[in-house]
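Chains A, B, C and D are the protein sequences, given in the same order.
So the number in the working numbering is just where the residue sits in the first sequence, counting from 1, plus 11.
So the number in the working numbering is just where the residue sits in the second sequence, counting from 1, plus 314.
So the number in the working numbering is just where the residue sits in the third sequence, counting from 1, plus 64.
So the number in the working numbering is just where the residue sits in the fourth sequence, counting from 1, plus 4.
Please read the structure below before turning to the comments.
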Amino acid sequence: MIRVALAVLRKDLLVELRTKESVPAMALFSLVTYVVFRFGLDRTSLEGDLAAGVLVVTLLFAAVLGINRLFVAEREQGGFDAFLLAPVDRSALLVAKALALLVFLVAVEVVAVPAFVVLLLGPAFDPAALVVLALADVGIAVIGTLASALAVQTRARDLIVPLVALPLLVPLVIATAQGLSPLLSEGGGGLDAGWLAVLGLYDTVFVLLSYAVFDFLLED
Amino acid sequence: MPALPLDEAGKYVAGAYVVFLLLILVYVAIMAGRLSRLERELGELDDAVARRTPPSASSNGHDPAERVSAREGDR
Amino acid sequence: MLYGKRLRGLAVASALVLSVAFALAFFYAPLDADQGFVQKIFYLHVPMAIVCLGGFIFGGICAIGLLRTGDRKWDLRSYVAIHLSLILGVGVLLTGMIWAKASWGSWWVWEEPTLVAFLVAFLLYATYQPLRFSIEDPEKQARYAAVFAVVAGAFVPLNFLAVRLAESLVHPRVLTATGGTMPGAMRLTFIVAVVGMTGLFVTLWKYEMASKNATFRLRALRRRLGDDELPPARRSAAPAAPS
Amino acid sequence: MAAPPAIELAGLTRRYGERDALAEVTLTLPAGATLVVFGPNGAGKTTLLRVLATLLRPHEGAARVLGRELPAESWAVRGRIGLLAHDPLLYRDLSGRENLRYHAALHGAGRERAEFLLDAVGMDRRADEPVRFLSRGMVQRLAVCRAVLHDPDLLLLDEPTSHLDPAAAELVGPLIGRASARTRVVASHDPAGGLAEADLALGLRAGRTALLGPAAGVSPAEVGALYR
């Protein structure tokens with residue numbers, strides 16, 4: 012299964028490299044959102060829970076853009092049929108797509124997080140925040156893949172994706188924002204193991220849940 | 315937090331219970347609408363069946379089986 | 065079809081139990097020392113919330129039935145349960161807001177984790193109908209709705225856990241005390257109210273199931289009679305007749 | 005020992021909503037033989053091919069493909085079927101070579117096989133251009149490569165030569181034509197051509213069997229009548 016998942020992942024990254032459909036748009040969107048927050052909040056620098064909130068919400072909405080497009084090529088260019096005709100484990104597609112989304116998210120954050128630090132963050136950036144973000148990315152990737160697979164066969168994909176994904180991500184937003192907030196404060200506390208545990212647990216539950224239901228989204 | 319005096323609190327409590335009551339009533343009203351549609355369709359179906367077996371056929375004693383065999387004879 | 069008699073019995077019993085519960089709430093349960101008369105909303109709001117969430121989870125369990133067996137009757141069961149829970153959910157949110165206004169002076173209180181968690185769950189389930197509506201093939205509709213129902217059903221407890229963790233600092237009293245420190249008379253009333261509300265839910269669920277089944281059978285009958293003017297099935301969020 | 009029939013259908017029915025897309029199709033196709041399927045658009049040809057390809061589940065009736073029951077044993081026939089549908093099932097933004105390598109990885113086939121096929125259909129020169137820049141005929145040739153990449157026992161072809169010029173049709177002949185010596189199901193709109201290379205002919209109209217018999221005993225005129 013891992014061999015097949017890697018083949019699909021390689022194909023997805025290759026397509027993204029060719030079309031540049033998702034990552035550049037997501038990164039650009041994050042930058043624009045910072046500017047919007049700058050004026051919407053009328054602040055030139057943020058710290059603490061406000062900084063954590065702005066960062067998480069921006070990344071989340073950027074992720075929704077990627078989630079929207081995740082399965083579109085499969086549906087419109089016959090990728091689902093081709094995959095289903097092959098004698099392979101169907102869960103490989105879930106693994107591959109979640110990994111692809113994870114790669115996209117990390118790629119976006121390579122741009123979006125430094126930009127946030129430069130443009131909006133008041134206090135110095137604590138690298139421990141990257142641990143929290145990494146755990147959040149895993150959760151967004153898994154839940155996003157599930158929501159995308161659920162929505163791609165509907166006629167209102169662009170609407171269904173955020174409506175399904177955002178409520179499912181609320182607990183993750185809570186834990187991420189709470190975990191990040193002390194790390195983005197002036198002389199604030201360190202990494203809170205409690206919130207990391209919540210994030211890790213939430214990720215694990217959704218990995219298992221997605222694995223259990225994903226096959227049903229591929230039939231027929 | 316101070317407890318509200320009875321006359322003030324009564325308004326809210328009554329409001330909450332009225333919300334519940336209204337919810338049930340609206341639900342019943344919607345279901346009643348659906349029931350009447352069901353009934354109307356049932357009526358249409360009745361008419362359709364009546365049209366299929368014209369009253370004349372039954373009054374002059376034609377057996378439905380006879381008509382079937384007659385039609386088959388046409389082929 | 066044995067709907068008739070059993071459904072009537074159930075309806076009468078639920079109405080009775082629910083009336084008794086409300087009577088107990090007003091004439092038997094003591095006034096809350098802290099909140100006074102406003103606390104009477106508790107006997108309506110909390111049982112409704114519990115039954116509503118139970119309905120969501122029941123819908124998820126029925127959805128597992130569909131995924132395991134492929135039998136579309138499970139889709140109908142799941143759909144009706146979630147549909148009714150959504151209606152109850154509106155009631156929960158409205159009564160919750162009224163209670164918040166009466167006891168804290170504002171229509172919405174973000175510090176109340178149970179209410180906030182409920183709102184998140186309700187918003188998720190509000191997508192259930194649009195999701196169904198935007199899938200045309202009935203079989204696919206049933207399967208996708210089932211996947212949604214299973215995921216959302218698992219999400220309900222998780223979500224409550226997470227929101228409660230987040231707000232564990234700010235703790236209002238009675239709302240969270242669903243059972244723990246209630247005096248006996250209050251607890252009895254509360255339990256009767258939960259039973260009554262459950263009865264109401266089951267009654268409505270059976271009623272709605274009977275109504276949907278009757279519609280399907282009528283449609284099947286029209287088709288059997290070769291009714292040429294049979295209008296094409298309206299596209300809807302509700303399950304189509306299982307064939 | 006005689007091989008089991010490649011395809012056995014008994015009362016196969018597939019619905020779409022309340023409408024029968026395919027109703028009560030019964031036939032047996034011996035291994036190595038070719039079945040040609042005729043019928044106007046929407047008659048159920050594509051549905052039949054998709055059911056045989058295990059992409060759609062039968063709603064009623066029994067379907068055995070390559071000796072395996074569908075849908076219970078679908079897993080066992082996947083990878084032994086080559087489907088050439090209307091849709092080429094290729095990613096537009098990848099090159100032909102990349103597409104074929106991806107499919108080879110899915111099917112556990114080697115890269116040499118992909119190169120061999122590209123060469124066989126005369127696409128080796130343009131194999132590195134993104135598929136969206138290629139003409140429909142070239143895409144079709146790549147799709148043929150994709151369908152036979154894993155050397156399938158059963159080929160399901162939906163108007164396989166529709167976008168091909170005669171020269172290209174000749175190129176793909178050894179891969180998907182009669183000469184390929186595979187069991188084939190071909191959906192076609194060309195009565196004379198379709199009958200000439202088939203053993204068994206099936207005519208569909210609104211999902212129902214309107215014509216079924218040895219291809220030699222069916223005249224093109226009978227097939228033409230299906231479309232009226």
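Ideal Cβ placement from N, Cα and C applies to all residues, glycine included.
The structure displayed is predicted, hence computed values, not measured ones.
{"query": "D/V125 versus D/C149 - alpha carbon distance", "result": "8 Å"}
{"query": "Exposed unless 16 or more other CB atoms sit within 10 angstroms - verdict on C/K69", "result": "exposed"}
{"query": "Cβ shell of B/K325 (< 8 Å), same chain only, five flanking positions each side left out", "result": "none"}
{"query": "9 Å Cβ cutoff, A/D203 in contact with chain D", "result": "no"}
{"query": "Classification of B/L339 by the beta-carbon crowding that lies within 10 angstroms, buried from 16 upward", "result": "exposed"}
{"query": "Proximity below 9 Å, CB of D/H107 to CB of D/R140", "result": "no"}
{"query": "Own chain residues within Cβ distance below 7 Å of C/T262, not counting five before or after", "result": "V115"}
{"query": "Residues near D/L39 by beta carbon distance below 8 Å, same chain, minus five either side", "result": "I11, L31, L33, R188, V189, V190, A202, D203, L204, A205, L206"}
{"query": "Length-filtered (4 minimum) alpha helix (DSSP H) runs lying within the stretch 109-192 of chain A", "result": "140-162, 168-191"}
{"query": "Within 9 Å, strictly: CB atoms of B/V332 and C/K104", "result": "no"}
{"query": "Residue burial classification, A/D23 (beta-carbon count within 10 angstroms, cutoff 16)", "result": "buried"}
{"query": "Residues near A/L210 in its chain [Cβ-Cβ closer than 6 Å; skip 5 each side]", "result": "L146, A186"}
{"query": "Runs of alpha helix (DSSP H) wholly within the stretch 188-226 of chain D (minimum 4 residues, chain order)", "result": "195-200"}
{"query": "DSSP three-state assignment for D/G65, whether helix, strand or coil", "result": "strand"}
{"query": "For A/L157 and A/S221, the rounded distance between their alpha carbons", "result": "6 Å"}
{"query": "Contact check, A/L76 vs A/A36, beta carbons under 9 Å", "result": "yes"}
{"query": "Pairwise C-alpha distance: A/P125 and C/Y192", "result": "38 Å"}
{"query": "C/M112 at chain B interface by Cβ criterion, 9 Å", "result": "yes"}
{"query": "Distance, C/A226 Cα to A/V65 Cα", "result": "20 Å"}
{"query": "Short Cβ contact (9 Å threshold) for C/P194 with C/A301", "result": "yes"}
{"query": "Positions along the stretch 118-138 of chain C whose CB lies within less than 7 Å of some CB in chain A", "result": "L131"}
{"query": "Meets three-Cβ-pair contact criterion under 8 Å: the stretch 158-177 of chain A and the stretch 179-191 of chain C", "result": "yes"}
{"query": "Length of the line joining the Cα atoms of D/A131 and D/V29", "result": "40 Å"}
{"query": "heavy atom of the ligand MG below 8 Å from A/L157 C-beta", "result": "Although the ligand MG was asked about, the structure shown includes no ligands whatsoever."}
{"query": "D/G177, enclosing alpha helix (DSSP H) - first and last residue", "result": "170-180"}
{"query": "Simplified DSSP assignment, three categories, for B/G324", "result": "helix"}
{"query": "Chain-ordered neighbours of A/T165 on chain E, where CB pairs are closer than 7 Å", "result": "The structure shown contains no chain E; its protein chains are A, B, C and D."}
{"query": "Beta-carbon gap between D/P156 and D/R186 smaller than 9 Å", "result": "yes"}
{"query": "Residues that D/P134 bridges to, as DSSP identifies them", "result": "D/S99"}
{"query": "Proximal residues to C/A93 (C-beta, below 6 Å), its chain only, five neighbours per side dropped", "result": "A249, M250, T253"}
{"query": "Contact list for C/A304 against chain D, beta-carbon separation under 8 Å", "result": "G21, E22"}
{"query": "Sheet register partners of C/G100 (DSSP bridge)", "result": "C/D96"}
{"query": "Contact the stretch 192-207 of chain A vs the stretch 124-139 of chain A: 3+ CB pairs below 8 Å", "result": "yes"}
{"query": "Supposed contact pair D/L88 and A/L96 - C-beta distance, whole angstroms, cut 8 Å", "result": "Actually they do not touch by this definition, with Cβ atoms about 11 Å apart."}
{"query": "Every unbroken alpha helix (DSSP H) within the stretch 24-69 of chain D, with a cutoff of 4 residues, ordered by chain", "result": "49-56"}
{"query": "Where D/R105 sits in the DSSP three-state scheme", "result": "helix"}
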